[in-house]
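S.K.: If you scroll down you'll find the structure; I have some questions about it.
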Amino acid sequence: MTLLIAGGTVIGPTGAIAADVLVDGETIAAVLAPGTGPSEGVEVVDASGKYVIPGGIDAHTHMELPFGGTAASDTFDTGTRAAAHGGTTTIIDFAVQRTGEVVHDGLAAWHAKADGNCHIDYAFHMILGGVDDDSLKAMDQLVADEGVTSFKLFMAYPGVFYSDDGQILRAMQKARDNGSMIMMHAENGIAIDVLVRQALARGETDPIYHGITRPEALEAEATHRAIALAEVAQDCPLYIVHLSASRALEHVAAARDAGRNVFAETCPQYLYLTLEDQLGAPGFEGAKWVCSTPLRSKHENHQRDLWRGLRSNDLAIVSTDHCPFCFKDQKELGVGDFSKIPNGIGGVEHRVDLVYQGVVDGKLSLERWVETISTTPARMFGLYPKKGVIAPGSDADIVLYDPNGRTRISVETHHMNMDHSAYEGYEIAGKVDTVLSRGEVIVSDGAYHGAKGRGRYLRRGLSSYLV
């Protein structure tokens, strides 16, 4: 099918232009001056008054992730369908290897979960929960043969995913050799576990203590340590996930100012939600917002600094760390013990909108909005120019975004498999109008037209940003 998206304003990293977009089959055939496209043999999609942007790429999701005696409530079916509703046309999820397991078995398990179930295109990072000779060898094989070019390590969760500094250094050296990216959960998990035990011994069991026992200092320390280890590994490419705090950002900014291969993401929860207002909600309600890294205090400057980091590119990407759990029966596992609350917030459906609200509020430019939600994730993780840009030859993953529309976020209207919304009642001064995935209109006028299983696995190349 040939489509002509006519009358819109195309937004890309270099600016906004009035242009029509010609789609032939699954790819973009041309970006044309307004009114110069073919008039016959095409289906016209009216984009008047709307922004035409590349489909969103959420580079950090956890569909069906086993955690804390339960599993994330979104499957690849429900989660990718919700993502599509919100203007995200590609996710990069995390396959998991735990200590003692075989890396390739973990990847195969996640392929089995996703294959035939995704509504949009998808790729995988690989979590390495056990760094040894076998997993280091597997890193080379995944980069060369599987299109998996990024590996996540944890400085947190001793006994589950934790890697010590020696293991981290070995993995970083391997990544420097094969060109892959090390993604780091940067919190000092050994110290956090001490603080958690001490809090519980004092009878401090409410959800707010999840945040209090994971202080900013331990995120900043781990971030600095990860950057130092990457330097020892000959400037191994390093990507800090879900950065939440000002002092951690300062370490990333300093490394970037020194020309290092250091990058970071933040998430909408850290741009909008706080320790006091959400995690500290009365009773057990705050469990809805338990995630790691935790929400930070509204009495400090974290949100101001994170928005500034997005403007300055010290923060490269906004991802969601989408890892939803229902309040009933899942979050409730931690009643009386905050350390047993499953860690995660659902947001894959709302990222495009929430970052756009930053544009409305004067915190980001339109161009930077598109970079942080689409173009930079594509470049960072080896999907560009197939994804992340409105350009001839690229996949026709396209979102028509209506700046005159409004979106009210609520559990009553969202499509994620959750019994609550982390952003209940938030009003966004914009709206996803139409979503195309590889040339197929899968969302229009609030209705879903896609299908389970149409999403394809993407083999990724290396990052475009490495020096």
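Taken in order, the sequence shown gives residues -14 to 452; the numbers are from our numbering.
All C-beta atoms in this analysis are idealised placements derived from N, C-alpha and C, irrespective of residue type, glycine included.
So, I427 versus V420, is the Cβ gap smaller than 8 Å?
M.R.: In contact: I427 and V420 (Cβ atoms closer than 8 Å).
S.K.: I think R199 touches P279, with their Cβ atoms under 8 Å apart; what is that distance to the nearest whole Å?
M.R.: Contact flag correct, Cβ pair sits at about 5 Å.
S.K.: Report all residues from its chain with a CB closer than 7 Å to the CB of Q263; omit the five preceding and five following residues, and keep chain order.
M.R.: These residues qualify, in order along the chain: G271, W274 and L280.
S.K.: Candidates K137, G174 and G144: which alpha carbon is nearest A156's?
M.R.: It is K137.
S.K.: Assuming F61 is part of the alpha helix (DSSP H), what are its boundary residues?
M.R.: Note, F61: alpha helix (DSSP H), F61 to H70.
S.K.: Taking the alpha-carbon positions, what's the E86 to G115 distance?
M.R.: Using only the alpha carbons, I get a separation of about 8 Å.
S.K.: Spell out the partners DSSP gives Q82 in its beta bridges.
M.R.: For Q82, which the question treats as bridged, DSSP gives the partners L113.
S.K.: By Cβ distance, which residues of its chain are closer than 8 Å to E250, with the 5 residues on each side in sequence left out?
M.R.: Closer than 8 Å at Cβ, skipping near neighbours: A44, H45, Y224, I225, V226, H227, L228, L300, A301, I302, V303 and S304.
S.K.: Cα-Cα, which of Y257, S135 and A3 is closest to K283?
M.R.: Taking only the C-alpha atoms, the option nearest K283 is Y257.
S.K.: Going by Cα to Cα distance, which pick from T73, A(-9), E206 and Y194 is closest to P23?
M.R.: Among T73, A(-9), E206 and Y194, the Cα nearest to that of P23 belongs to A(-9).
S.K.: Contact between the segment 370 to 386 and the segment -12 to 5: three or more CB pairs below 8 Å?
M.R.: Yes: the two stretches touch, three or more of their Cβ pairs being nearer than 8 Å.
S.K.: Does the segment 306 to 320 come close enough to the segment 393 to 412 that 3 or more CB-CB pairs lie under 8 Å?
M.R.: In short, these stretches touch, since the Cβ pair count reaches three.
S.K.: By DSSP, does R423 sit in helix, in strand, or in coil?
M.R.: Three-state DSSP puts R423 in coil, outside helix and strand.
S.K.: Rounding to the nearest angstrom, what Cα-Cα distance links T208 and M365 in this structure?
M.R.: Looking at the two C-alpha atoms, the distance is approximately 19 Å.
S.K.: With a 10 Å radius around its C-beta and 16 neighbouring C-beta atoms as the bar for buried, classify Y236 as buried or exposed.
M.R.: According to the sequence as given, residue 236 is His; it is not Tyr. Counting Cβ neighbours within 10 Å, H236 comes out buried, since at least 16 surround it.
S.K.: P51 to E206, Cα distance in whole Å?
M.R.: Answer to the nearest angstrom: the Cα atoms are 28 Å apart.
S.K.: Quick one: what's got a C-beta closer than 6 Å to Y433's C-beta in the same chain, skipping five residues either side?
M.R.: If we look at Y433 and ignore the five residues flanking it on each side, it has no Cβ neighbours.
S.K.: Which value, in whole angstroms, describes the spacing of the CA atoms of V81 and A129?
M.R.: Distance between the alpha carbons of V81 and A129 is about 19 Å.
S.K.: Leaving out five residues on either side along the sequence, give the residues of the same chain with a beta carbon under 6 Å from the beta carbon of Q254.
M.R.: I330.
S.K.: Please return the same chain residues whose Cβ sits closer than 6 Å to the Cβ of A215, not counting the five positions on each side in sequence.
M.R.: Hits under 6 Å: M157, C221 and L223.
S.K.: Give the DSSP-derived three-state secondary structure of S359 in the structure shown.
M.R.: S359 falls in the helix class under three-state DSSP.
S.K.: Can you tell which of A160, L203, R353 and G321 has its C-alpha closest to the C-alpha of R293?
M.R.: Of A160, L203, R353 and G321, the residue nearest in Cα terms is R353.
S.K.: With distance defined between alpha-carbon atoms, name the residue in E28, G26 and K98 nearest to D59.
M.R.: It is K98 whose Cα lies nearest to the Cα of D59.
S.K.: According to DSSP, is V217 helix, strand or coil?
M.R.: DSSP places V217 in helix when its eight states are reduced to three.
S.K.: Tell me which residue opens and which closes the alpha helix (DSSP H) that M401 is part of.
M.R.: Unbroken run through M401: none, as it is neither H nor E.
S.K.: In angstroms, rounded to a whole number, what distance separates the CA positions of P327 and V16?
M.R.: One C-alpha to the other measures close to 46 Å.
S.K.: Considering only DSSP beta bridges, list what P192 is partnered with.
M.R.: Beta-bridge pairing links P192 to no other residue.
S.K.: Could you tell me the distance, in whole angstroms, from the CA atom of G164 to the CA atom of T134?
M.R.: Roughly 8 Å between the two C-alpha positions.
S.K.: To the nearest angstrom, how far is the alpha carbon of L291 from that of E28?
M.R.: Near 42 Å, if we compare the C-alpha coordinates of E28 and L291.
S.K.: Just grab the DSSP bridge partners of H307 for me.
M.R.: Answer is T46 and I330.
S.K.: Within its chain, find whatever has a CB closer than 7 Å to the CB of R423; leave out the 5 residues flanking it on each side and keep chain order.
M.R.: Correct list, in chain order: E11, D380, A381 and D382.
S.K.: If you measure between the beta carbons of I359 and L185, is that distance less than 8 Å?
M.R.: In the sequence as presented, Ile is not what sits at residue 359; that position holds Ser. For S359 and L185, no; Cβs fall outside 8 Å.
S.K.: Just the Cα atoms here: how many angstroms apart are E49 and A233?
M.R.: Spanning the two alpha carbons is a distance of roughly 29 Å.
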